[in-house]
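Engineer: One structure, as structure tokens, below. Some questions next.
There are 2 protein chains.
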Amino acid sequence: MQISRKADYAIRALIYVAAINGRRTCSINEIAENEKIPREYLAKILKELTQKGFLISYKGVNGGYRMAKSREGISFLDILEATQGPFVLSSCNQDYKDEPGCKGKDACASFDFWDELHRKLKGIMAEMNLGKINYDKYYQFADTKDKVTT
Amino acid sequence: MQISRKADYAIRALIYVAAINGRRTCSINEIAENEKIPREYLAKILKELTQKGFLISYKGVNGGYRMAKSREGISFLDILEATQGPFVLSSCNQDYKDEPGCKGKDACASFDFWDELHRKLKGIMAEMNLGKINYDKYYQFADTKDKVTT
Numbered sequence: 414m415q416i417s418r419k420a421d422y423a424i425r426a427l428i429y430v431a432a433i434n435g436r437r438t439c440s441i442n443e444i445a446e447n448e449k450i451p452r453e454y455l456a457k458i459l460k461e462l463t464q465k466g467f468l469i470s471y472k473g474v475n476g477g478y479r480m481a482k483s484r485e486g487i488s489f490l491d492i493l494e495a496t497q498g499p500f501v502l503s504s505c506n507q508d509y510k511d512e513p514g515c516k517g518k519d520a521c522a523s524f525d526f527w528d529e530l531h532r533k534l535k536g537i538m539a540e541m542n543l544g545k546i547n548y549d550k551y552y553q554f555a556d557t558k559d560k561v562t563t
Numbered sequence: 414m415q416i417s418r419k420a421d422y423a424i425r426a427l428i429y430v431a432a433i434n435g436r437r438t439c440s441i442n443e444i445a446e447n448e449k450i451p452r453e454y455l456a457k458i459l460k461e462l463t464q465k466g467f468l469i470s471y472k473g474v475n476g477g478y479r480m481a482k483s484r485e486g487i488s489f490l491d492i493l494e495a496t497q498g499p500f501v502l503s504s505c506n507q508d509y510k511d512e513p514g515c516k517g518k519d520a521c522a523s524f525d526f527w528d529e530l531h532r533k534l535k536g537i538m539a540e541m542n543l544g545k546i547n548y549d550k551y552y553q554f555a556d557t558k559d560k561v562t563t
């Protein structure tokens, strides 16, 4: 049940931009360098996150990215679903009519179990947002407070 | 984040045996037929679940499987970890020293976030056990109460 590499990179990139928190734009290069994310792949992810309303993209000399929402407005579930699609635990959480052996939810002993488990896990993931991170830690080992490298 | 097919089959097989709840043994054939699980694959899964203490296997004419523990004694987390290995959400939940870009937990803003998320999700999965299923539903559409087919 490990999250995808794409979701992992998206989360790390967003945490980085959230740490800067609007003081200035963040360039692709600095995010790629500080988070050790391959630049080309990161560019695609940042473009998608911009299209989906997580980031605002600025062009030009001081171009880069800023948060489009507050930290509290972005949950782990938001990022996961933006990068991996709807959160699904088992075939019970999808259109079950296609699943061999599926008895349909009225006849299935485990439907309620899956449904409750899915709801609870999704709830936890929706509660965990970027506002719950201690960003002070982010600067402890940086040379400069804003970690500007390029 | 969908669970593996193996974990899915293991859960369905265990729910089936838990529904019978010790009144008699359950044969591989009836589990395979009622849950639409490929027999050969199911045989391997049941053998593993027996080795790992979830089931007891009986040989002979009335051979088959029974629960080795109470329903409450088997959680979703138990079954998941028995079939998929330790629950891991991101590389932060593993030996982080190997992960490119990893700053180590003392310097990382997101370590605490991942740690808390992982703990909460794991907690939910440990709470959800086979005792929380309504087994009455299991027999609603069966021809016979014990669903014996072979």
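Respectively, the protein sequence lines represent chains H and W.
The first sequence begins at 414 in this note's numbering and counts up one residue at a time.
The second sequence begins at 414 in this note's numbering and counts up one residue at a time.
Even for Gly, the Cβ is constructed at its ideal location relative to N, Cα and C.
What span of residues does the alpha helix (DSSP H) with residue 478 (chain H) cover, start to end?
Structural biologist: Taken as a continuous stretch (DSSP letters only), residue 478 (chain H) belongs to no alpha helix (DSSP H), being part of the beta strand (DSSP E) at 477-480.
Engineer: Which of helix, strand or coil does DSSP assign to residue 542 (chain W)?
Structural biologist: It is a strand residue.
Engineer: For residue 563 (chain W), decide whether its Cβ has a neighbour in chain H, counting only Cβ atoms nearer than 8 angstroms.
Structural biologist: The predicted position of residue 563 (chain W) is uncertain, since its pLDDT is 40 and thus under 50; no value can be drawn from it.
Engineer: Check each residue of the region 423-446 of chain H: if its Cβ is closer than 8 angstroms to any Cβ of chain W, include it; give the result in chain order.
Structural biologist: So the close ones are 424, 425, 428, 432.
Engineer: Helix, strand or coil: how does DSSP classify residue 455 (chain H) here?
Structural biologist: Of the three classes helix, strand and coil, the one that applies to residue 455 (chain H) here is helix, per DSSP.
Engineer: Just how far apart, CA to CA, sit residue 465 (chain W) and residue 503 (chain H)?
Structural biologist: About 23 angstroms.
Engineer: Residue range of the alpha helix (DSSP H) that residue 548 (chain H) falls in?
Structural biologist: First-last for residue 548 (chain H): undefined, no H or E at that position.
Engineer: How many angstroms separate the CA atom of residue 442 (chain H) from the CA atom of residue 418 (chain W)?
Structural biologist: So the alpha carbons of these two residues sit roughly 40 angstroms apart.
Engineer: Verify whether the separation of the beta carbon atoms of residue 478 (chain H) and residue 469 (chain H) is less than 8 angstroms.
Structural biologist: Yes, they are a contact pair.
Engineer: Three-state secondary structure (DSSP) at residue 502 (chain H)?
Structural biologist: DSSP places residue 502 (chain H) in coil when its eight states are reduced to three.
Engineer: Quick one: what's got a C-beta closer than 6 angstroms to residue 539 (chain W)'s C-beta in the same chain, skipping five residues either side?
Structural biologist: Closer than 6 angstroms at the Cβ level, and outside the excluded window around residue 539 (chain W), lie 488, 490.
Engineer: Who pairs with residue 468 (chain H) in a beta bridge, going by DSSP?
Structural biologist: For residue 468 (chain H), which the question treats as bridged, DSSP gives the partners H:480.
Engineer: Excluding the 5 residues preceding and the 5 following residue 420 (chain W) in the sequence, name in chain order all residues of the same chain whose CB lies nearer than 7 angstroms to its CB.
Structural biologist: 492, 493, 496, 497.
Engineer: Considering only residues of the same chain and omitting the five flanking positions on each side of residue 548 (chain H), which have a CB-CB separation below 8 angstroms?
Structural biologist: Answer for residue 548 (chain H): 431, 432, 434, listed in chain order.
Engineer: Let me know if residue 532 (chain H) comes out buried or exposed under the rule of 16 or more other beta-carbons within 10 Å of its beta-carbon.
Structural biologist: That one is exposed.
Engineer: Alpha carbon to alpha carbon, what distance is there between residue 440 (chain W) and residue 460 (chain H)?
Structural biologist: When rounded, the distance between both Cα atoms is 54 angstroms.
Engineer: Comparing the C-beta of residue 504 (chain H) with each C-beta of chain W, is any distance below 8 angstroms?
Structural biologist: So, interface residue.
Engineer: Let me make sure I understand the geometry here. Which of W:481, W:542, W:426, W:524 has the alpha-carbon closest to that of residue 451 (chain W)?
Structural biologist: Comparing Cα-Cα distances from residue 451 (chain W) to each of W:481, W:542, W:426, W:524, the minimum goes to W:426.
Engineer: Since residue 415 (chain H) meets chain W, which of its residues come closer than 7 angstroms, beta carbon to beta carbon?
Structural biologist: The answer, in chain order, is 501, 502, 503.
Engineer: Kindly indicate which residue of H:438, H:453, H:526, H:422 has the alpha-carbon position closest to the one of residue 472 (chain H).
Structural biologist: Nearest of H:438, H:453, H:526, H:422 to residue 472 (chain H), Cα basis: H:438.
Engineer: Tell me the DSSP bridge mates of residue 515 (chain H)?
Structural biologist: Its beta-bridge partners do not exist; DSSP assigns none.
Engineer: Which term fits residue 523 (chain W), buried or exposed, when burial requires 16 or more other beta carbons within 10 angstroms of its beta carbon?
Structural biologist: Answer is buried; the Cβ neighbour count reaches 16.
Engineer: Leaving out five residues on either side along the sequence, give the residues of the same chain with a beta carbon under 8 angstroms from the beta carbon of residue 483 (chain H).
Structural biologist: Answer for residue 483 (chain H): 544, listed in chain order.
Engineer: Tell me whether the beta-carbon of residue 541 (chain W) lies closer than 8 angstroms to the beta-carbon of residue 455 (chain H).
Structural biologist: No, the pair does not count as a contact, with Cβ atoms beyond the cut-off.
Engineer: Taking only beta-carbon positions, decide if residue 530 (chain W) is within less than 8 angstroms of chain H.
Structural biologist: Closer than 8 angstroms: yes.
Engineer: Do we get a CB-CB distance below 8 angstroms when we pair residue 487 (chain W) with the residues of chain H?
Structural biologist: It does not; no Cβ of chain H falls within 8 angstroms.
Engineer: Rounding to the nearest angstrom, what Cα-Cα distance links residue 536 (chain W) and residue 414 (chain H) in this structure?
Structural biologist: Spanning the two alpha carbons is a distance of roughly 15 angstroms.
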